[in-house]
Each structure stands twice: as structure tokens, then as C-alpha cells.
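Participant: Dropping a structure here in C-alpha cells format, bear with me for questions.
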């Protein structure tokens with residue numbers, strides 16, 4: 001073979017070798033990533049070729065499916081979609097998926113590796129592939145009470161209810177909300193609905209999950225954390241011991257007195273009286289006396305500064321680590337930089353109700369195969385111990401005084417012991433905006449067990465500023481949620 005032909009032969013051989021390497025790379029190394037690429041039309045067609053499994057509440061599906069025309073045979077539907085949207089999220093043929101629909105997509109579509117054996121068997125027998133189910137911890141009656149309570153207020157807000165002994169999420173409501181069914185398909189109407197839900201077109205931001213993703217100044221509800229810090233760090237050891245709190249009290253390093261709301265008995269008040277009347281001076285001074293480090297230590301034990309995964313991610317609540325004494329004082333009454341999600345404040349109430357043990361919050365009880373066999377079960381998990389049992393019981397007695405004789409009377413339930421704390425959180429430049437109304441609480445039955453702890457926050461830009469209070473706006477909602485759970489336990 002002459003030299004030019006030999007060069008051509010070598011060059012052609014190299015081309016063939018390159019093609020073989022490329023072919024094997026695509027078929028074996030990149031096969032899975034290409035198969036699952038979101039831009040692969042066949043993946044999307046296969047995804048919607050069979051009905052999804054369901055999300056279950058109280059043994060009933062809150063999701064469904066409908067047939068469509070075109071490449072995608074099925075789309076997702078939702079029952080009472082707006083009420084459940086903060087739990088389910090959405091799955092859309094165009095816009096993807098969020099929350100439980102996204103996190104447990106493999107189970108719901110039937111593509112999870114744990115379903116491989118069943119899918120293989122179905123393929124052999126010719127049975128169509130089916131999706132599994134996501135069984136939640138939610139309580140339908142509590143969720144309805146929470147959502148309807150927020151809706152009746154007409155503003156914005158959120159509710160979270162927990163079972164203190166396990167951490168199960170019983171209610172997770174956000175208002176305003178949206179119906180995920182309206183954006184589940186790929187038609188023109190879905191696109192129009194999507195645009196109307198975007199914050200740039202809708203300032204109410206109905207797709208924001210306020211229960212998990214919004215942080216608010218918690219106002220006086222944070223005084224429960226400050227009281228816990230005072231007890232745990234032994235600044236005070238009894239609910240009825242007088243505190244060292246002059247009136248007026250000047251914040252350290254300033255000439256500014258910390259003011260109380262109205263003419264209330266805060267001078268040297270006991271912890272019980274201070275919580276009952278919500279004395280800023282008492283809890284502000286406690287925070288300054290304990291200092292930033294001890295206050296931060298207690299706040300962290302309740303879950304502040306960390307994201308929570310329920311498994312849906314919740315934004316981390318804020319308590320700063322670099323504050324001077326006057327800033328710590330303001331933060332200790334739920335102002336300055338302090339900010340919390342409704343989930344976080346439900347965790348605070350839950351820990352107190354559970355005798356000082358905080359359980360990790362979760363909303364998925366189990367994952368099921370299409371034949372209802374359990375694939376995965378969630379076991380309750382301890383998160384921390386913010387309080388000793390003795391100090392938790394002291395704090396319970398204080399919170400129960402708030403509901404019996406203080407600012408939380410609107411949460412009273414006949415035959416049930418209720419502990420709570422109201423909060424009216426200032427915000428805006430020089431507190432110019434309408435405040436947020438907060439209420440955190442728990443219900444306790446005759447045997448001492450606590451089936452539910454609740455946090456409610458209400459934003460109402462249209463309300464008369466003087467009419468906004470945690471006891472007036474938020475406590476009645478908490479009461480209805482607690483009643484729904486307690487009545488269901490009877």
C-alpha cells in the first residue's frame with residue numbers, strides 16, 4: 001500500500017474508532033442522564049402516559065387525574081386545591097413540580113427504584129404501570145378550620161398545627177392560595193392562569209407558602225422563648241418570683257426607655273404576670289441580662305437559625321449572633337432582627353406542651369406502593385430538649401394564665417386546658433405598616449396529654465390599626481383548629 005492510501009486508511013480507522021467510542025459513551029455512560037433529561041420529549045410523554053398515584057389525607061385522596069388530548073394523556077387534578085396547595089405543591093405539564101409533588105415524584109409516577117421489582121413483574125404480565133401513594137400526617141378537619149379561618153379574615157396569613165408528642169404536622173394553611181389544577185395542563189388557559197399567579201402580576205403572591213417560606217417578626221409570642229431562657233439559665237426559677245425590673249427601664253447603652261403597651265403592672269412583675277400582660281420591660285431586660293449568647297443558645301434549641309425539612313423545606317428563622325445588649329433586648333421581645341416562620345413558632349408551642357421535648361416536624365407518614373404495601377414509614381424523631389420537664393411545666397402554667405386571665409381569652413375551649421401567647425408585631429419604616437397579629441397555643445386534655453399545638457399569623461393591610469391584635473384576629477383561628485383536633489380525638 002502506498003503512503004497516501006495508508007494515511008487515508010489510518011484516518012478512516014480513527015474516524016470509525018471515534019464513532020464507536022462516542023456511540024458507547026452515549027449508550028452506556030450517558031444513557032440514564034439522557035433518558036431522564038427534562039428536555040427529552042419522550043420523557044415527558046412517558047411521565048404523563050399513566051395516572052399519578054395520590055396524596056392521601058385521613059385515608060382519602062386529595063388528588064386525582066383527568067385525561068387530555070395530545071401527547072400527554074393524563075394531567076393532575078386536585079380536590080379543594082387551594083386549601084391543600086401548601087401541602088401538595090403542584091405538578092404541571094409545563095411548569096414542573098413543587099413540594100410533595102416534586103419530592104416524592106418517583107413514588108407518585110411509579111419510577112422510584114424501590115418499585116423496580118413490581119414494575120418488572122407488571123411488564124412481564126402486561127399490567128400497566130401505576131404510581132404509588134404519599135400518605136400524609138395532615139388532619140382534614142384541622143386544615144379546613146385553619147384555611148377557612150384565614151379566608152374569613154380576608155387578609156394574608158398562615159397556620160401551622162403540630163402534634164407535640166410526635167412532630168406530625170396536622171395543618172399547614174396559607175392564604176391567599178391557588179388551585180394547582182388550573183396550571184396542571186399545557187393549554188392556553190393554564191398559561192393564562194400561571195401568569196395571573198405570578199407576584200409581578202398579583203401582589204398578593206398566592207403561590208407563596210407563608211407557613212414555611214415567609215418569616216415575620218414574631219412580636220410578643222417570642223417572649224415564650226425568652227421565658228424559657230430565663231428558666232433554663234436559672235435567672236428565675238419560679239413563675240411567681242418577682243423579677244428585677246424597674247419602670248421605666250432604660251435599654252443598655254442608650255437613653256431610650258423600652259415602653260410597654262398601655263398602663264399595665266410591669267414594675268418588678270413576676271414571670272407569670274409579665275407574660276399575662278405581655279410586659280416588654282420584663283422580657284427585654286431578661287434578654288439584655290442573659291446576653292446574646294445565652295438567648296441565641298435557647299433560640300437554636302427551639303429550631304431558630306436552621307432550615308427545617310418536613311420534607312418540604314422551611315426557611316430558617318432568625319435570631320442574630322452579633323447584637324449588643326439593647327439590640328438583644330429588642331430581639332427578646334420579638335422585634336429588631338428576630339424573624340420566624342409560622343412553623344417555627346408552632347415548634348415553640350409544641351416543645352412547651354410536650355414537657356420540654358421538641359419533636360422534628362414532618363408531614364409524610366408513609367410512602368405506599370400501588371398495591372398499598374408500605375415502602376417507607378416515618379418514625380417520630382426528637383429534635384432537641386429546649387426545656388427541662390420541670391421548667392416546661394412552669395412555662396405551661398404561665399401560658400395557661402394568659403388564656404384564662406390574660407390577652408388570650410378568645411382561645412378558651414370549654415372542658416379543655418389551653419395555653420397560649422398573643423403577639424402584635426410591628427413592622428415597616430418606624431413601624432408605619434399595620435402590625436402582624438400572632439397567636440401560639442396548645443390544647444391539653446384531662447389526662448395531661450397535648451394533642452395539638454398551633455401557630456397563627458394574620459396580615460391585614462385593610463384593618464383598622466387599633467383593631468389588630470393577636471388575641472382578636474389570630475386566637476379565634478387557633479381555637480377552631482384546636483377544637484377540630486380535640487373533637488376528633490373524642
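Numbering (this note's numbering), first residue to last: 1 to 490.
The beta carbon of each residue, even a glycine, is placed where N, CA and C say it ideally should be.
Predicted, not measured: the structure shown is a model, and the values here were computed from it.
(1) Among the residues of its own chain, which have a CB less than 8 Å from the CB of residue 202, if the five just before and after it don't count?
(2) Drop a sphere of 10 angstroms on the beta-carbon of residue 428, count the other beta-carbons inside from all chains shown, and report buried for 16 or more, exposed for fewer.
(3) For residue 437, which beta-bridge partners are listed by DSSP?
(4) In terms of residue numbering, what span does the alpha helix (DSSP H) encompassing residue 483 cover?
(5) Please specify which runs of the alpha helix (DSSP H), each continuous and at least 4 residues long, are wholly inside the stretch 283 to 323, giving them in chain order.
(6) Flag this pair as touching only if the stretch 378 to 386 and the stretch 348 to 368 have three or more C-beta atom pairs under 8 Å; answer yes or no.
(7) For residue 110, I'd like the list of residues in its chain whose CB is within less than 6 Å of its CB, leaving aside the five on either flank, ordered along the chain.
(8) From this set, 175, 100, 22 and 270, which residue's C-alpha is nearest residue 397's C-alpha?
(9) Suppose the cutoff is 6 Å on Cβ atoms and the five residues either side in sequence are ignored; what does the same chain contact list for residue 466 look like?
(10) Contact check, residue 410 vs residue 472 under 8 Å by CB: the rounded distance?
(11) Starting from the Cα of residue 79, find the closest Cα among 57, 266 and 92 and give me that residue.
(12) My understanding is that residue 316 touches residue 306, with C-beta atoms under 8 Å, so please give their C-beta distance in whole angstroms.
(13) I want to know whether the stretch 256 to 263 touches the stretch 308 to 323 - three or more CB-CB distances under 8 Å.
(14) So what does DSSP say about residue 148, is it helix, strand or coil?
(15) Buried or exposed for residue 491, going by 16 or more other Cβ atoms inside 10 Å?
(16) CB residue 171 to CB residue 184, shorter than 8 Å?
(17) Is it buried or exposed for residue 12, if we count other Cβ within 10 angstroms and need 16 for buried?
(18) In the DSSP assignment, find the alpha helix (DSSP H) that holds residue 396 and state where it starts and stops.
(19) From the DSSP output, in three-state form, read off residue 336 for me.
(20) Would you call the CB atoms of residue 242 and residue 286 closer than 8 Å?
(21) From residue 163 to residue 89, what distance separates their C-alpha atoms?
(22) DSSP state of residue 161, grouped into three classes?
(23) Going by DSSP in three states, residue 109 sits in which element: helix, strand or coil?
(24) Of all the options 454, 443, 459 and 349, which has the alpha carbon lying nearest to the alpha carbon of residue 424?
(25) Helix, strand or coil for residue 133, going by three-state DSSP, please let me know.
(26) By Cβ distance below 8 Å, which residues in the same chain neighbour residue 452 in space, the five residues on each side in sequence not counted?
(27) From which residue to which residue does the beta strand (DSSP E) around residue 247 run?
(28) Can the beta-carbon of residue 450 be found less than 8 Å from the beta-carbon of residue 351?
(29) Determine the DSSP secondary structure at residue 258, reduced to helix, strand or coil.
(30) Just verifying my parser: in three-state terms, what is the DSSP assignment at residue 409?
Facilitator: Reading it off the structure:
(1) Here residue 202 refers to the residue found at position 202 when the chain shown is read from its first residue. Counting only Cβ-Cβ distances below 8 Å, and skipping sequence neighbours, we find 196.
(2) As a working note, residue 428 is residue 428 in the chain shown. The predicted model places residue 428 with a pLDDT of 43, which falls under 50 and marks its position as unreliable, so this point remains unresolved.
(3) The residue labelled residue 437 in the question sits at position 437 within the chain shown. DSSP output for residue 437 lists 424 and 458 as bridge partner(s).
(4) The residue given as residue 483 occupies position 483 in the chain shown. 475 to 489 is the span of the alpha helix (DSSP H), which, as asked, contains residue 483.
(5) 292 to 301
(6) yes
(7) Taking the first residue of the chain shown as position 1, residue 110 is located at position 110. The residues are 129, 130 and 131.
(8) Taking the chain shown and counting its residues from 1, one reaches residue 397 at position 397. Closest by alpha carbon: 270.
(9) Position 466 of the chain shown, counting from 1, holds the residue named residue 466. Residue placement at residue 466 is poorly supported in this model, since its pLDDT is 37, which falls under 50; the coordinates still yield a value, given next. Contacts found: none.
(10) Position 410 of the chain shown, counted from the first residue, corresponds to residue 410. Position 472 of the chain shown, counted from the first residue, corresponds to residue 472. The Cβ separation is near 7 Å, so the contact holds.
(11) By 1-based counting over the chain shown, the position of residue 79 is 79. Taking only the C-alpha atoms, the option nearest residue 79 is 57.
(12) The residue labelled residue 316 in the question sits at position 316 within the chain shown. The residue labelled residue 306 in the question sits at position 306 within the chain shown. With a Cβ gap of about 6 Å, residue 316 and residue 306 count as contacting.
(13) no
(14) Along the chain shown, one-based indexing puts residue 148 at 148. Reduced to three states, the DSSP call for residue 148 is helix.
(15) There is simply no residue 491 to check, as the chain begins at 1 and stops at 490 in what is shown.
(16) Residue numbering aside, residue 171 sits at position 171 when the chain shown is read from its first letter. Residue numbering aside, residue 184 sits at position 184 when the chain shown is read from its first letter. For residue 171 and residue 184, no; Cβs fall outside 8 Å.
(17) Here residue 12 refers to the residue found at position 12 of the chain shown. It counts as exposed.
(18) Along the chain shown, read from residue 1 onward, the residue named residue 396 stands at position 396. 389 to 405 is the extent of the alpha helix (DSSP H) around residue 396.
(19) Indexing the chain shown from 1 puts residue 336 at position 336. In the structure shown, residue 336 sits in coil (DSSP, three-state: anything other than H, G, I, E or B).
(20) By 1-based counting over the chain shown, the position of residue 242 is 242. By 1-based counting over the chain shown, the position of residue 286 is 286. It is not a contact, given that the beta carbons lie outside the stated cut-off.
(21) In the chain shown, counting from the first residue as 1, residue 163 sits at position 163. In the chain shown, counting from the first residue as 1, residue 89 sits at position 89. Approximately 22 Å, taken between the alpha carbons.
(22) Here residue 161 refers to the residue found at position 161 when the chain shown is read from its first residue. Here residue 161 sits in strand by DSSP.
(23) Walking along the chain shown from the start, residue 109 turns up at place 109. Here residue 109 sits in helix by DSSP.
(24) Translated into the one-based positions of the chain shown, residue 424 becomes position 424. When each option's Cα is compared against that of residue 424, the closest is 459.
(25) For the purposes of this step, residue 133 is identified with residue 133 of the chain shown, where counting begins at 1. Reduced to three states, the DSSP call for residue 133 is strand.
(26) Position 452 of the chain shown, counted from the first residue, corresponds to residue 452. Correct list, in chain order: 142, 161, 162, 163, 164, 170, 442, 443, 481, 482, 485 and 486.
(27) Numbered from its first residue, the chain shown carries residue 247 at position 247. Residue 247 -> no beta strand (DSSP E), and no H or E assigned at all.
(28) Here residue 450 refers to the residue found at position 450 of the chain shown. Here residue 351 refers to the residue found at position 351 of the chain shown. Contact: no.
(29) The count along the chain shown starts at 1 and reaches residue 258 at position 258. Reduced to three states, the DSSP call for residue 258 is strand.
(30) Here residue 409 corresponds to residue number 409 of the chain shown, with the count starting at 1. Residue 409 falls in the helix class under three-state DSSP.
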